[in-house]
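Just so you know, we're using the working numbering here: the sequence shown kicks off at 35 and counts up by one. From the three backbone atoms N, C-alpha and C, an ideal C-beta is built for every residue, glycine too.
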Amino acid sequence: MIKLVFLCYLMLCSCSYYNGIKNSLIFQQESQKKAWIYFYQGLEKKRLCLWEEALESFHTAAALDAESPRIHAHLADCFASLNLKEKALNSLQQAEKYINQNDYMLFFDIGKVYEKLQDQENAKKMYQKALILFPKFQKARESLEFSNEDARKSKKEL
């Protein structure tokens with residue numbers, strides 16, 4: 035009898051445990067869907083050079099999906115466009131923290147932000163990572179060559 039009661043108790047606990055997980059996953063999925071809505075709004079505002087409005091959208095997206103490296107990369111780009119270097123660097127750190135190591139396009143995008151911040155070393159590293167993942171990525175190759183030319187010009191000026 036005690037074993038039967040205990041078994042029923044375990045079954046009830048496991049059911050409520052799995053329901054909790056299921057509800058949590060549903061909440062996460064809904065949260066991520068909302069995050070991507072704000073993300074795409076931010077992209078549109080960014081395309082129109084409405085940097086502060088884009089920042090608001092990306093901030094909301096990041097609050098809903100804090101581990102999305104793409105959202106953080108676009109936040110960094112907005113900060114860089116507004117000459118908020120420290121905030122841009124913080125967002126880049128978040129993007130690099132969560133980046134999928136196979137996402138060559140995101141490495142390229144992060145490189146572009148570093149370039150905008152005049153950090154040629156980190157820009158080159160990001161372009162190189164993008165090229166390792168996708169050797170035929172012409173834009174990354176051109177950006178890397180441009181970064182190397184800029185570095186050579188800087189050394190000549192010194």
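- The closest CA to that of K146, considering only N134, Y132 and L109, is found on L109.
- When C-alpha distances from K159 are compared across K173, W70 and F141, the shortest belongs to F141.
- Across the structure, F92 and D143 are spaced so that their CA atoms are roughly 16 Å apart.
- Under the three-state reduction of DSSP, A100 is assigned to coil, being neither helix nor strand.
- For the set N117, I105, L89 and Y74, the Cα lying nearest the Cα of Q127 is the one of I105.
- Q162 is a Cβ neighbour of L178, given a cutoff of 9 Å.
- Nearest C-alpha to Q75 among K67, S65 and A88: A88.
- The closest CA to that of L77, considering only D111, Q66 and K67, is found on D111.
- A Cβ-Cβ separation of about 4 Å places I133 in contact with P103 under the 8 Å criterion.
- Bounds of any alpha helix (DSSP H) do not take in L84, whose DSSP letter is neither H nor E.
- Membership of L140 in the alpha helix (DSSP H) is indicated by the continuous run Y138 to K150.
- The beta carbon of R175 is closer than 7 Å to those of L165 in its chain, skipping five residues each way along the sequence.
- For the pair W85 and L123, the CB atoms are not nearer than the 9 Å cut-off.
- Counting only the Cα atoms, Y148 lies some 7 Å from Q154.
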